[in-house]
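Sequential numbering from 21 applies to the sequence shown in my numbering.
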Amino acid sequence: MSEFTKPYFDAVAQLTAPTAPFEVETVVVKGTPLQAFKHAEKNLGEFLAAGRHHGDALFLQYQSEVWSYSDFFQAVDQVCGWLVNERGIIKGDRIAIAMRNRPEWLIAFVATVTVGAVAVPLNSWGKAQELAQGLEDSEACLVFCDNERLAYIRSLNGDLPVVLVDDTQRDDVTCLQPILARSGTKPVATVSVDHHDPAILMFTSGTSGRPKGALLTHFNCCQALMNVEFIGAGTYMTNTEEMTKQLASSITPKTLLAVPLFHISGLLSQALINLRHGRALYMMYKWDISDALRIIIDEQITVVMGAPVMLLELLKHPDFTDAHAAHLTNVSAGGAATPERLSELYASKTGTAMSGGGWGMTETMGSGAAFTGRYFTDRPDASGFPSPIVEFDFRDEDGVAVESGEPGEIWVRSSAAIQGYFCGGKVSDEPVNGWMATGDIGYVSHEGLLYICGRVKDLIIRGGENIYPSEVESCLLEYPGCEEVAVVGVQHDTWGEEVGAVIKLEATGTANASAVQQFCKHRLASFKVPEHVVFTDQALPRNTLQKLLKPTIKEHYFG
Numbered sequence: 021m022s023e024f025t026k027p028y029f030d031a032v033a034q035l036t037a038p039t040a041p042f043e044v045e046t047v048v049v050k051g052t053p054l055q056a057f058k059h060a061e062k063n064l065g066e067f068l069a070a071g072r073h074h075g076d077a078l079f080l081q082y083q084s085e086v087w088s089y090s091d092f093f094q095a096v097d098q099v100c101g102w103l104v105n106e107r108g109i110i111k112g113d114r115i116a117i118a119m120r121n122r123p124e125w126l127i128a129f130v131a132t133v134t135v136g137a138v139a140v141p142l143n144s145w146g147k148a149q150e151l152a153q154g155l156e157d158s159e160a161c162l163v164f165c166d167n168e169r170l171a172y173i174r175s176l177n178g179d180l181p182v183v184l185v186d187d188t189q190r191d192d193v194t195c196l197q198p199i200l201a202r203s204g205t206k207p208v209a210t211v212s213v214d215h216h217d218p219a220i221l222m223f224t225s226g227t228s229g230r231p232k233g234a235l236l237t238h239f240n241c242c243q244a245l246m247n248v249e250f251i252g253a254g255t256y257m258t259n260t261e262e263m264t265k266q267l268a269s270s271i272t273p274k275t276l277l278a279v280p281l282f283h284i285s286g287l288l289s290q291a292l293i294n295l296r297h298g299r300a301l302y303m304m305y306k307w308d309i310s311d312a313l314r315i316i317i318d319e320q321i322t323v324v325m326g327a328p329v330m331l332l333e334l335l336k337h338p339d340f341t342d343a344h345a346a347h348l349t350n351v352s353a354g355g356a357a358t359p360e361r362l363s364e365l366y367a368s369k370t371g372t373a374m375s376g377g378g379w380g381m382t383e384t385m386g387s388g389a390a391f392t393g394r395y396f397t398d399r400p401d402a403s404g405f406p407s408p409i410v411e412f413d414f415r416d417e418d419g420v421a422v423e424s425g426e427p428g429e430i431w432v433r434s435s436a437a438i439q440g441y442f443c444g445g446k447v448s449d450e451p452v453n454g455w456m457a458t459g460d461i462g463y464v465s466h467e468g469l470l471y472i473c474g475r476v477k478d479l480i481i482r483g484g485e486n487i488y489p490s491e492v493e494s495c496l497l498e499y500p501g502c503e504e505v506a507v508v509g510v511q512h513d514t515w516g517e518e519v520g521a522v523i524k525l526e527a528t529g530t531a532n533a534s535a536v537q538q539f540c541k542h543r544l545a546s547f548k549v550p551e552h553v554v555f556t557d558q559a560l561p562r563n564t565l566q567k568l569l570k571p572t573i574k575e576h577y578f579g
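As structure tokens, then:
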């Protein structure tokens, strides 16, 4: 802690003190002591029930569809009745959801967890193989899907019961619309859900290797959701003047939901939090810059959250004007480190909106570190303040703790973290004693802020010197005309590895390898300057979280 960050830690002390709203206590789960919010709800049904009090207020707008809170929960109740009374779903059954963003996705999810079943969001960007893996590993007994995913699912498992959300009537599958249109559905008895019962089986993003099914309990989910609320309270207490102005204005909070619901950032930080607190969501089927620009203007959007690459595209777009920024109150990135260029665009393009960032992972339901407002503005290269319910440890390659302030692999232990990975009807023993290796390298500074250096598997070791690709990428993104870049290690007989960079230039950008290297020499240590520079006119491959697929890039460009 420093004088600069002391006000934040003072606020945390107030918020988490005994009898305070975010009081933190020690709980023991499977013999492991964990820090937890004492007043968090016990299950997702309790947490989401608050949304029922918002009545006819606007909850969701999707294309031409408009859903009030009453409309939404009426649909949820219809599906709950069908699941229990007609499908015989019982607590613990796994129900998959395979579709792009649309209202039916959230209806299926909320109904599933309400009746005590386990929601299994599947990657809707995936093709037959990835869907097959998700259905096989989860052992789902039912899947809600759209027409595009139905074709894949039918080719994989013709016997798996399906609820189709597109059509109103078909003979070969059950359609959702007739279920929603029914009247007089028999009420469903309240299901007793223990806080340690499983709630969500969420597959990791899989930048390399096979995605794994992270099994999250109702306890994990409610802790993570309360952590989002805690971040909001901390933001208010450390940005009082700005927040007071926002709350005193006549601007209605409206969130643009542009990231996939099958990822934690879309489901938890945006959809479920807004559902609880009565705020409006404007849902996009998928990210499209033209649609995003139109919706932000037409609907006077106040909150935009997404991957850095999405926000870079938005704020760099020639059609993004002061009119787009006029109603924005918060623009925040997640899923990857905030590039310096994006921080500069926040300052120059978003007016009085507060910006933020953070670090988390699927296995912790996004809980890790976060900050918004003045601290982000002054320390944009950081990833935020560690959450009070997440313990951090930093270790070397042998698993030994490193010196305070030195980079090491991040290990976490948290009440929001998974109890293990689910596959083939079994739950793995991970994490061990509550501690989980994240695969990320980072450290906490003397000010108490978390900094991310990169991924363990991406670390480049050149002649015994450690090089973090993120540092080189941040430098290259400042090169005029550079649109996106990936830095990887290239095998070398003498040095072990050298630095390789793949650069996609903007349409008007021009460059050559020598010019890029000269640019870097003035900003980086000589051993960090890329020896290998490749230019491409193709978008660099990314996963659904917009993270670069480094193994694919390395193999394609450097063999």
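Cβ coordinates follow ideal geometry from the N, Cα and C atoms, glycine included.
Can you have a look at residue i and say buried or exposed, based on whether 16 or more other CB atoms are within 10 angstroms of its CB?
i	result
methionine 21	exposed
glutamine 189	exposed
arginine 114	buried
aspartate 460	buried
lysine 446	exposed
aspartate 217	buried
asparagine 453	exposed
alanine 373	buried
arginine 230	exposed
What residues in its chain sit with their C-beta under 6 Å from that of residue i, if we drop five residues either side in the sequence?
i	result
isoleucine 321	Lys274 and Leu276
serine 90	Gly75 and Asp76
glycine 483	Trp515
proline 489	Gly474, Asp478 and Val507
proline 427	Ile461, Tyr463 and Cys473
phenylalanine 164	Ile117, Ala128 and Val183
arginine 433	Glu411, Gly454 and Trp455
Whole angstroms are fine: how far does the CA of residue j sit from the CA of residue i?
i	j	result
glutamate 364	leucine 568	22 Å
phenylalanine 93	arginine 72	7 Å
leucine 580	glutamate 45	Nothing about residue 580 can be read from this structure; the chain reaches only from 21 to 579.
lysine 58	asparagine 105	35 Å
proline 571	alanine 327	20 Å
alanine 402	glutamine 538	27 Å
glutamate 333	leucine 281	20 Å
alanine 527	alanine 559	12 Å
leucine 497	proline 400	15 Å
leucine 287	proline 141	10 Å
leucine 200	threonine 194	12 Å
serine 203	aspartate 157	36 Å
tyrosine 577	phenylalanine 555	10 Å
tyrosine 499	valine 536	7 Å
leucine 54	tyrosine 395	27 Å
isoleucine 317	lysine 206	43 Å
threonine 39	valine 48	20 Å
cysteine 441	methionine 222	For the sequence presented, residue 441 should be read as tyrosine rather than cysteine. One C-alpha to the other measures close to 9 Å.
phenylalanine 391	glutamate 168	38 Å
phenylalanine 79	leucine 544	49 Å
threonine 530	lysine 548	22 Å
methionine 119	leucine 126	11 Å
threonine 237	alanine 533	50 Å
serine 368	threonine 349	14 Å
isoleucine 109	histidine 297	29 Å
tryptophan 379	glutamate 493	18 Å
alanine 69	glutamate 261	32 Å
In its own chain, which residues sit with a C-beta less than 8 Å from the C-beta of residue i, not counting the 5 before and 5 after it?
i	result
serine 269	none
serine 175	Ala148
arginine 122	Tyr82, Asp166, Val185, Met303 and Tyr305
histidine 337	Ile309 and Leu313
Below 7 Å CB to CB, which residues in the same chain sit around residue i once its five sequence neighbours on both sides are set aside?
i	result
asparagine 247	Ser387, Ser407, Ile409 and Ala436
threonine 358	Pro328, Gly377 and Pro400
alanine 353	Gly326, Ala327, Pro328, Leu331, Leu362 and Gly377
cysteine 443	Asp157 and Gly233
glutamate 551	Glu518 and Val519
glutamine 243	Ala56, Phe57, Ala60, Ile409, Ser435 and Ala436
histidine 347	Ile271, Gln320, Ile321 and Thr322
| If you scan the region 314-361 from start to end, which runs of the alpha helix (DSSP H) of 4 or more residues do you find wholly inside it? | 328-336 and 342-345
| task | Check whether the region 407-424 touches the region 503-511, taking contact to mean three or more Cβ pairs, one atom from each stretch, closer than 8 Å. | result | no
| request: Identify every run of the alpha helix (DSSP H) within the region 25-113, keeping only runs that are complete inside it and at least 4 residues long; order them along the chain. | output: 26-36, 64-69 and 89-105
| said: For the region 251-265 against the region 28-43, do three or more pairs of beta-carbon atoms, one drawn from each stretch, fall closer than 8 Å, so that the two count as touching? | reply: yes
| query | Can you list the beta strand (DSSP E) stretches of 3 or more residues lying completely in the region 270-320, in chain order? | reply | 274-277 and 300-303
| field | Continuous beta strand (DSSP E) assignments of at least 3 residues falling wholly in the region 486-549 | value | 502-512 and 516-525
| Secondary structure, beta strand (DSSP E): runs of 3+ residues fully inside the region 193-250 | 218-223 and 233-237
| Counting only runs that start and end within the region 124-203, where is the alpha helix (DSSP H) found for 4 or more residues in a row? | 148-158, 167-176 and 196-201
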